[in-house]
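Under our numbering, the final residue of the sequence shown carries the number 342; numbering is consecutive throughout.
Using N, Cα and C, we set each Cβ at its ideal position, and we do this for glycine too.
Every value quoted in this text rests on a predicted model; they were computed, and no experiment measured them.
Working notes, structure below.
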Amino acid sequence: MKNKFYIFFCLFLLIACNKNKQVTPISTTYELLNDNIMISTPGFFKISGDYLYLSDLKSADSIIHIFDTKSGKQLASFGNIGNGPNEFTAPIINTGFDGTISISNAGTPRLGILDAKKLLINNEGYKDLSPQPITDSQAMQFIDENTYLYLSPEKENTLFKTVDKSTNTTISWGAYPIKTEMKYMNYKDAYEGEINYDYYNNYLLLKFIRVPQIILFKKDGDQFKQLKTKNLSKYEYDIRDNKMVINYLEPCRTKMVSLTKDYIVLLDDSNISIEKRKEMKRPVLSRRQLILLDYKLEEQKVIDLNKDIYLIASDSRFNDVYLVVADPDYSIIKIKL
Numbered sequence: 006m007k008n009k010f011y012i013f014f015c016l017f018l019l020i021a022c023n024k025n026k027q028v029t030p031i032s033t034t035y036e037l038l039n040d041n042i043m044i045s046t047p048g049f050f051k052i053s054g055d056y057l058y059l060s061d062l063k064s065a066d067s068i069i070h071i072f073d074t075k076s077g078k079q080l081a082s083f084g085n086i087g088n089g090p091n092e093f094t095a096p097i098i099n100t101g102f103d104g105t106i107s108i109s110n111a112g113t114p115r116l117g118i119l120d121a122k123k124l125l126i127n128n129e130g131y132k133d134l135s136p137q138p139i140t141d142s143q144a145m146q147f148i149d150e151n152t153y154l155y156l157s158p159e160k161e162n163t164l165f166k167t168v169d170k171s172t173n174t175t176i177s178w179g180a181y182p183i184k185t186e187m188k189y190m191n192y193k194d195a196y197e198g199e200i201n202y203d204y205y206n207n208y209l210l211l212k213f214i215r216v217p218q219i220i221l222f223k224k225d226g227d228q229f230k231q232l233k234t235k236n237l238s239k240y241e242y243d244i245r246d247n248k249m250v251i252n253y254l255e256p257c258r259t260k261m262v263s264l265t266k267d268y269i270v271l272l273d274d275s276n277i278s279i280e281k282r283k284e285m286k287r288p289v290l291s292r293r294q295l296i297l298l299d300y301k302l303e304e305q306k307v308i309d310l311n312k313d314i315y316l317i318a319s320d321s322r323f324n325d326v327y328l329v330v331a332d333p334d335y336s337i338i339k340i341k342l
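Here you go:
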């Protein structure tokens with residue numbers, strides 16, 4: 006009997022230790038690709054095929070810069086602020102297929118595809134697909150040449166819409182992560198988020214902005230199946246004045262996510278003290294840690310580069326991560342996980 010009790014106690018202790026396991030941050034080497042990025046404020050950062058696409062939030066012209074993934078050399082730039090052809094008022098870029106990106110314009114039905122390869126050949130790499138029904142969403146993603154999805158929370162308790170341009174059909178799917186019988190009206194605001202898609206393994210990752218949670222889906226045929234969810238911090242919610250309000254029990258510092266071959270990479274600033282934040286002079290909060298999850302959403306590594314990291318991007322065929330850092334000027338570096 007004593008032996009059985011001892012075995013049970015050891016098992017209990019082992020489970021408790023694993024549950025509270027802390028991953029110690031490690032450092033790693035990096036490759037400097039470009040230390041002379043001429044931009045005002047980093048905006049969106051995406052990799053597609055052999056190209057890195059980086060947008061400038063404050064530039065009136067040349068708002069999207071294109072770099073070679075191997076050398077880091079800037080190859081071209083595209084787009085201006087305005088209402089004419091090849092012009093945008095609030096451009097949002099997302100990873101496309103075959104080396105392309107999509108460009109949508111917040112608050113308008115504009116949508117187009119930018120192909121760096123064609124742009125470099127004849128300076129005509131942009132194809133306008135407007136109008137499209139995506140005016141209320143920053144989170145959109147092409148799945149293939151004819152199909153894209155976007156985040157569009159509705160009162161019917163659906164998260165996404167999938168649009169097939171070839172058949173002109175739209176399907177709503179996905180359910181809210183918070184289930185409650187209480188009615189509220191700010192579902193679009195409550196479930197705003199960003200999405201990342203892995204074209205090669207068909208993973209779709211949704212990260213909410215207000216709800217500290219990520220959800221992993223996988224494409225199976227024509228549908229997406231939900232695989233896992235993970236809370237990024239502890240929280241509660243309540244309904245006030247017909248609105249859902251998220252109450253954070255601890256800070257959520259995860260600002261951005263990216264997908265590699267073996268890891269889901271979280272850009273996290275939880276190791277930056279309040280004193281350090283007060284010293285920062287740049288308009289965007291610096292973030293230093295990369296938290297690596299496997300595709301079971303379990304934490305595997307924490308990498309601390311001791312640098313001011315602004316943006317991350319990756320290609321899900323490889324375990325490389327590209328980062329826009331301040332060193333002290335804006336630079337692009339690459340690390341191998």
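(Q) Can you tell me whether VAL28 is buried or exposed? The criterion is at least 16 other CB atoms within 10 Å of its CB, across all chains shown. (A) What you label residue 28 is simply residue 23 of the sequence shown in a count that begins at 1. In summary, VAL28 is exposed, with fewer than 16 beta-carbon neighbours lying within 10 Å of its beta-carbon over all protein chains present.
(Q) Which same chain residues end up closer than 6 angstroms to LYS224 when comparing Cβ atoms and leaving out the 5 residues on each side of it in sequence? (A) Numbered from its first residue, the sequence shown carries residue 224 at position 219. Once the five neighbours on either side are set aside, the close Cβ partners of LYS224 are ASN207.
**Q.** Buried or exposed (CB count within 10 angstroms, at least 16 for buried), TYR205
**A.** Here residue 205 refers to the residue found at position 200 when the sequence shown is read from its first residue. Exposed is the call here.
Q. Between the C-alpha atoms of ASP103 and MET187, what's the straight-line distance to the nearest angstrom?
A. Reading the sequence shown from its first residue, position 98 is the one you call residue 103. Reading the sequence shown from its first residue, position 182 is the one you call residue 187. Between ASP103 and MET187, the C-alpha separation is close to 44 angstroms.
Q | Cβ-Cβ distance between LYS233 and LEU221 below 9 angstroms | A | Working through the sequence shown from its first residue, we reach residue 233 at position 228. Working through the sequence shown from its first residue, we reach residue 221 at position 216. Contact: yes.
Q) Looking at C-beta atoms only, is the number of pairs between the region 184-199 and the region 114-133 that lie closer than 8 angstroms three or more? A) They do not touch, by the three-pair rule.
Q. Whole beta strand (DSSP E) runs in the region 60-106 with 3 or more residues, listed along the chain?
A. Within the region 60-106, the complete beta strand (DSSP E) runs of at least 3 residues are 66-73, 79-86, 96-100.
Q. At a cut of 8 angstroms, does the region 293-300 reach the region 36-51 through at least three beta carbon pairs?
A. Flag = no, the region 293-300 and the region 36-51 do not touch.
Q | Candidates SER263, ASP246, TYR327, TYR315: closest to PRO333 by CA position | A | Locating residue 333 in the sequence shown gives position 328, where the first residue counts as 1. It is TYR315.
Q | Exposed unless 16 or more other CB atoms sit within 10 angstroms - verdict on TYR155 | A | For the purposes of this step, residue 155 is identified with residue 150 of the sequence shown, where counting begins at 1. Per the 10 Å Cβ criterion, buried.
Q) Who are the near neighbours of TYR335 in its chain, counting only those whose CB is closer than 8 angstroms to its CB and skipping five residues on each side? A) Position 330 of the sequence shown, counted from the first residue, corresponds to residue 335. Excluding residues within five positions, the ones whose Cβ falls inside 8 angstroms are ILE42, ILE44, PRO47, TYR315, VAL329.
Q: Please check if any C-beta of chain D sits within less than 9 angstroms of the C-beta of LEU38.
A: Among the protein chains of the structure shown there is no chain D, as only one such chain exists.
Q. Per DSSP, what kind of secondary structure is ASN127 in: helix, strand or coil?
A. Working through the sequence shown from its first residue, we reach residue 127 at position 122. Three-state DSSP puts ASN127 in a helix.
Q. So LYS306 is in the alpha helix (DSSP H); what residue range does that whole segment cover?
A. Within the sequence shown, the letter at position 301 stands for residue 306. In the DSSP assignment, LYS306 falls outside any alpha helix (DSSP H) and within the unbroken beta strand (DSSP E) covering 304-319.
Q. Taking buried to mean at least 16 other C-beta atoms within 10 Å of its own C-beta, is LYS360 buried or exposed?
A. The chain is shown only over 6 to 342; residue 360 falls outside these bounds and no answer can be derived.
(Q) Bridge partners for ILE108 per DSSP, in chain order? (A) Stepping through the sequence shown from its first residue, residue 108 is reached at position 103. BP columns for ILE108 point to ILE98, GLY117.
Q: Go ahead and label GLU255 buried or exposed: buried means 16 or more other beta carbons lie within 10 angstroms of its beta carbon, across all protein chains shown.
A: Taking the sequence shown and counting its residues from 1, the one referred to as residue 255 is at position 250. Label assigned to GLU255: exposed.
Q | Under the three-state DSSP convention, the category ALA195 falls into | A | Counted from its first residue, the sequence shown places residue 195 at position 190. ALA195 falls in the helix class under three-state DSSP.
**Q.** PHE83 versus GLN228 - alpha carbon distance
**A.** Taking the first residue of the sequence shown as position 1, residue 83 is located at position 78. Taking the first residue of the sequence shown as position 1, residue 228 is located at position 223. The straight-line gap from Cα to Cα measures roughly 34 angstroms.
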